[in-house]
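Q: Protein chains in written order, with the working numbering: chain B, 1 to 356; chain W, 1 to 422.
#1: Cutting at 7 Å between CB atoms, please list the residues of its own chain near residue 130 of chain B, excluding the five before and the five after it.
#2: Please list the residues of the segment 120-138 of chain W that have a C-beta atom closer than 8 Å to any C-beta atom in chain B, keeping them in chain order.
#3: My output table needs one value for residue 277 of chain B: the three-state DSSP class, helix, strand or coil.
#4: Cβ of residue 88 of chain W within 8 Å of Cβ of residue 55 of chain W?
#5: Going along chain B, which residues have a C-beta under 9 Å from residue 318 of chain W?
#6: Please list the segments of the beta strand (DSSP E) lying wholly inside the segment 96-142 of chain W, counting only runs of 3 or more residues, in order along the chain.
#7: Quick one: which residues of the segment 269-291 of chain W get their C-beta closer than 9 Å to a C-beta of chain B? List them in chain order.
#8: For residue 109 of chain B, write down the residues that DSSP places opposite it in a beta bridge.
#9: Cβ atoms of residue 63 of chain B and residue 182 of chain B: under 8 Å apart, would you say?
#10: Can at least three beta-carbon pairs, one atom from the segment 141-157 of chain W and one from the segment 93-109 of chain W, be found at a separation below 8 Å?
#11: Starting from the C-beta of residue 103 of chain B, find all residues in its chain whose C-beta is less than 7 Å away, skip the five residues before and the five after it, and write them out in chain order.
#12: What residue range does the alpha helix (DSSP H) around residue 76 of chain B cover?
#13: Considering only C-alpha positions, which residue in the set B:243, B:247, B:213, B:255 is nearest to residue 278 of chain B?
#14: In terms of alpha-carbon separation, which member of W:361, W:72, W:330 lies closest to residue 406 of chain W?
#15: How is the alpha helix (DSSP H) around residue 306 of chain B delimited, first residue to last?
#16: Interface residues of chain W around residue 308 of chain B at Cβ under 8 Å?
#17: If the cut is a Cβ gap below 7 Å, which residues of chain W does residue 227 of chain B touch?
#18: Looking only at its own chain, which residues have a Cβ that is under 8 Å from the Cβ of residue 164 of chain B, when we skip the five neighbours before and after it?
#19: Alpha carbon to alpha carbon, what distance is there between residue 22 of chain W and residue 14 of chain W?
#20: Is residue 99 of chain W close to chain A? Criterion is C-beta to C-beta, closer than 8 Å.
#21: Can you look up residue 206 of chain W in the DSSP assignment and give me helix, strand or coil?
#22: Report back the beta-carbon spacing between residue 92 of chain B and residue 262 of chain B to the nearest angstrom; my notes put them in contact at under 8 Å.
#23: Nearest to residue 255 of chain W by CA position, among W:76, W:270, W:220, is which residue?
#24: Do the CB positions of residue 233 of chain B and residue 121 of chain B come within less than 8 Å of each other?
#25: Is it right to say residue 106 of chain B is buried, meaning 16 or more other beta carbons lie within 10 angstroms of its own, or is it exposed?
#26: Once the 5 residues before and after residue 39 of chain W are set aside, which same chain residues still bring their CB inside 7 Å of it?
#27: How do the segment 258-271 of chain W and the segment 226-240 of chain W stand: do at least 3 beta-carbon pairs fall below 8 Å, yes or no?
#28: Enumerate in chain order the residues of its own chain whose CB-to-CB distance from residue 8 of chain W is below 6 Å, with the five nearest sequence positions on each side excluded.
#29: Report the CB separation of residue 194 of chain B from residue 67 of chain B in whole angstroms; it is logged as a contact under 8 Å.
#30: Would residue 113 of chain W be called buried (16 or more neighbouring beta carbons within 10 Å of its own) or exposed?
#31: Under 7 Å Cβ to Cβ from residue 208 of chain B, same chain only, skipping five residues before and after it: list those, please.
#32: Show which residues of chain W have a CB atom less than 7 Å away from the CB atom of residue 256 of chain B.
#33: Exposed or buried, what is residue 299 of chain B when buried is set at 16 or more other beta-carbons lying within 10 Å of its beta-carbon?
#34: According to DSSP, residue 391 of chain W sits in a beta bridge with which residue or residues?
#35: Quick one: grab the DSSP three-state call for residue 295 of chain B.
#36: Quick test of your reading: residue 246 of chain W and residue 273 of chain W, contact by CB under 8 Å. State the CB separation rounded to the nearest angstrom.
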């Protein structure tokens, strides 16, 4: 190699190093845009809809954003493995009615009722996981179908119930306000922290991430890929059931529309938070922030008194914009821009020489 | 030439014969006319006491139970008769075991061998109110020996499914269809198809679709415009001035649009409607909407809405979460037991609740109107019940023994309600 080539090599190596560093930083910071967007939303709210940032509004926003966040965490685990889960409303619906029906107004039966709700979540998640992870069926179709079946069973079960209220201990818990903030919020924050720590800082969590990032490489490394996929759906179903229990406590009662609004909202929260639908890395805390932003936006539109039709348009547009500027897309774009061009530069002269 | 004169005697004889002949001819003509009139009437004759297979009489206790007041019947004579006939049937004994089986199985054969099939098509069907309406329909149908089959379909808030259900009933050539058109004029095409197929259709609870009497037989309910004015009268009297809000069901549904359109102009100039939001009759959405409106307008003094229990489950929670006392005037359409009980539990004298009947039993009137239509009766395009709002403080909705989501003005017997919801 000539001295010139060596110098070139050194320069190229340093350039590649800097670009790599930048690319790594940006990929690592793919979850930043949702935080920036949420900060911007809070700023806008303080200017045009300050009522959205008052106690009266927080009393609704914080518990409901928590329910959405928990459901979104479940969805996040599935999306990390390039899957999708549309059974969320069905699980929440049946789970909510089980709390009412099994609980039967008795605080003594509350824990059995909650266990029944969680059991349904685990079971439905397991079924989804087996159908998608082991039988390799399309997750969109399978989870939608399972969701319908579960919802139908929920309707059958609910038809025999005239009372719709949960045991009072659950609703009392939901109405507690430690440090003047909803107890549901604190419970959700704790769950999010646990999920974030498990996924990021434990060996099983790292293996879980690895399967999502590159299933083939994970398989070659000896990781049981299918077992992790089954686990993802099972954990997701469990989290949906937790969301149902929290929502039932906040609502005090369950009705035929219970859980209906949690079909696409959790998916939107996960994607806006920076996760890719093709699988890979995701952030529990960013998902939490995205759920907060979506709930706050909804509340702002109501406070502003915007006509219902326009509320749907603004909300939909916000989700599209959120996806356009999501960290996943920005990281992907910047990664392409910062990719080293050294390979193409070294090949080109050789080609020139050949074609001469 | 001279014409021979007729003798006077003969003249009298001729005149007498002509007179007798004329009278005879008149008598024959009258006899034929009477016979012709009789043969052209195929429908049973109606009189003030009954007709078209019905008796226009109902137990005053039944009327008072379901209408609040036995005198709150439609003003139109035929509409009034239909209502009396329908509520009169509510006192008839029917097989409750069969009714329960029919209710659980979404339909059944009545076992009478009757040739008629009646259908209740539900676009929504999700809550206890609709389930009770379903039982009211079944109980009413079981009073007719001519009805051999009862069909029930629910679309679970899916418009396409609702239209498909309707078309399925038309394809099965059912005799009559009762429905509540949650999707309003979006359901007009299937109403027209039913009419073209010769199947009479009626709605209840003022489920208004364009062209009653033309596109379908009749709509039963209260005059929702007068309901709105009744709401306004309450607000004018007890709010006097300040901010109030409207809430409705599904966007564009006829019930909400009807009363809102009439309440607003009837309000005092000092009362301002600061918000008007749909809630899909979902308590969760009610909580969100109330929370947002309360945040934007902390001094709101009144709420006009339809769904009493939704208000109790949603709005009460919103106020509680916000740490505010529920000092407001509420005007509501449904008399859910749960609303009354939760209001009583609050023990807040500054909360004033005025309500109307949920109107479950109006479905009975709708079905009876169609049965009379099948016998040739001319049914008025609207069967309208007068409105009288009740004061919760004086006449509570919280009736012991009733399920919380039920209406105490329903004509489903309490024992049967307990079997429906053990």
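No residue lacks a Cβ here, since even glycine has one placed at the ideal position from N, Cα and C.
A: Result, derived from the coordinates:
#1: On the first chain, residue 130 of chain B is found 130 positions in, with the first residue counted as 1. A distance below 7 Å between beta-carbons, with the five flanking residues on each side excluded, links residue 130 of chain B to the following residues of its chain, in chain order: 230.
#2: Of all residues in the segment 120-138 of chain W, only 126, 127, 128, 131 place a beta-carbon less than 8 Å from a beta-carbon of chain B.
#3: Taking the first residue of the first chain as 1, we reach residue 277 of chain B at position 277. In the structure shown, the three-state DSSP call for residue 277 of chain B is coil.
#4: As a position in the second chain, residue 88 of chain W is number 88, starting the count at 1. As a position in the second chain, residue 55 of chain W is number 55, starting the count at 1. Taking 8 Å as the Cβ cut-off, residue 88 of chain W and residue 55 of chain W qualify as a contacting pair.
#5: For the purposes of this step, residue 318 of chain W is taken as residue 318 along the second chain, with counting starting at 1. What residue 318 of chain W touches in chain B: 56, 59, 60.
#6: Correct list: 107-109, 116-122.
#7: Residues of the segment 269-291 of chain W with a C-beta less than 9 Å from any C-beta of chain B: 274, 275, 276, 277, 278, 280, 281, 282, 283, 284, 285, 287, 288, 289, 290, 291, listed in chain order.
#8: Position 109 of the first chain holds residue 109 of chain B. In the DSSP output, where bridge partners are listed per residue, residue 109 of chain B has none listed.
#9: One-based indexing of the first chain puts residue 182 of chain B at position 182. One-based indexing of the first chain puts residue 63 of chain B at position 63. Going by C-beta atoms, residue 182 of chain B is nearer than 8 Å to residue 63 of chain B.
#10: By the Cβ test, the segment 141-157 of chain W is in contact with the segment 93-109 of chain W, since at least three Cβ pairs between them sit closer than 8 Å.
#11: If you number the first chain from 1, residue 103 of chain B lands on position 103. Taken in chain order, the residues that qualify are 109, 110, 113, 166, 167.
#12: Numbered from 1 along the first chain, position 76 holds the residue referred to as residue 76 of chain B. In this chain, the alpha helix (DSSP H) harbouring residue 76 of chain B covers 55-79.
#13: Locating residue 278 of chain B in the first chain gives position 278, where the first residue counts as 1. Of B:243, B:247, B:213, B:255, the residue nearest in Cα terms is B:213.
#14: Counted from its first residue, the second chain places residue 406 of chain W at position 406. The residue from W:361, W:72, W:330 with its alpha-carbon nearest to that of residue 406 of chain W is W:361.
#15: Working through the first chain from its first residue, we reach residue 306 of chain B at position 306. DSSP places residue 306 of chain B outside any alpha helix (DSSP H), giving it a letter other than H or E.
#16: As a working mapping, residue 308 of chain B is identified with position 308 in the first chain. Residues of chain W whose Cβ lies closer than 8 Å to the Cβ of residue 308 of chain B are, in chain order, 251, 277, 278.
#17: The residue you call residue 227 of chain B lines up with position 227 of the first chain. Correct list: empty, because the minimum Cβ distance to chain W is about 36 Å.
#18: Here the question's residue 164 of chain B lines up with position 164 in the first chain. Cβ neighbours of residue 164 of chain B beyond the five flanking positions: 100, 253, 254, 255.
#19: Within the second chain, numbered from 1, the residue matching residue 14 of chain W stands at position 14. Within the second chain, numbered from 1, the residue matching residue 22 of chain W stands at position 22. Using only the alpha carbons, I get a separation of about 12 Å.
#20: Note that chain A does not occur in the displayed structure, where the protein chains are B and W.
#21: Residue mapping note: residue 206 of chain W aligns to position 206 of the second chain, counting from 1. Reduced to three states, the DSSP call for residue 206 of chain W is coil.
#22: On the first chain, position 92 is the one that residue 92 of chain B refers to. On the first chain, position 262 is the one that residue 262 of chain B refers to. About 6 Å; that satisfies the 8 Å criterion.
#23: Position 255 of the second chain, counting from 1, holds the residue named residue 255 of chain W. Considering only alpha carbons, the answer is W:220.
#24: Numbered from its first residue, the first chain carries residue 233 of chain B at position 233. Numbered from its first residue, the first chain carries residue 121 of chain B at position 121. It is not a contact, given that the beta carbons lie outside the stated cut-off.
#25: Counted from its first residue, the first chain places residue 106 of chain B at position 106. The residue is exposed, with fewer than 16 neighbouring Cβ atoms inside 10 Å.
#26: As a working mapping, residue 39 of chain W is identified with position 39 in the second chain. With a pLDDT of only 40 at residue 39 of chain W, under the threshold of 50, the placement of this residue in the model should not be trusted; the figure read from the coordinates follows. Correct list: empty, nothing qualifies.
#27: Contact between the segment 258-271 of chain W and the segment 226-240 of chain W is present, because at least three Cβ pairs lie under 8 Å.
#28: The residue given as residue 8 of chain W occupies position 8 in the second chain. Cβ neighbours of residue 8 of chain W beyond the five flanking positions: none.
#29: Residue numbering aside, residue 194 of chain B sits at position 194 when the first chain is read from its first letter. Residue numbering aside, residue 67 of chain B sits at position 67 when the first chain is read from its first letter. Actually they are not in contact, since the Cβ atoms of residue 194 of chain B and residue 67 of chain B sit about 17 Å apart, beyond 8 Å.
#30: Residue 113 of chain W sits at position 113 when you count from the first residue of the second chain. When all chains shown are included, residue 113 of chain W counts as exposed.
#31: Working through the first chain from its first residue, we reach residue 208 of chain B at position 208. Excluding sequence neighbours, residue 208 of chain B sits near 199, 228.
#32: Residue 256 of chain B sits at position 256 when you count from the first residue of the first chain. Listed along chain W are 126, 127, each with a C-beta nearer than 7 Å to that of residue 256 of chain B.
#33: Taking the first chain and counting its residues from 1, one reaches residue 299 of chain B at position 299. Buried, since its Cβ has 16 or more Cβ neighbours within 10 Å.
#34: Here residue 391 of chain W is taken as the residue at index 391 of the second chain, counted from 1. Residue 391 of chain W is bridged to W:354.
#35: Residue 295 of chain B sits at position 295 when you count from the first residue of the first chain. Three-state DSSP puts residue 295 of chain B in a helix.
#36: Numbered from 1 along the second chain, position 246 holds the residue referred to as residue 246 of chain W. Numbered from 1 along the second chain, position 273 holds the residue referred to as residue 273 of chain W. Contact check for residue 246 of chain W and residue 273 of chain W: beta-carbon distance about 6 Å, within the 8 Å limit, so the pair qualifies.
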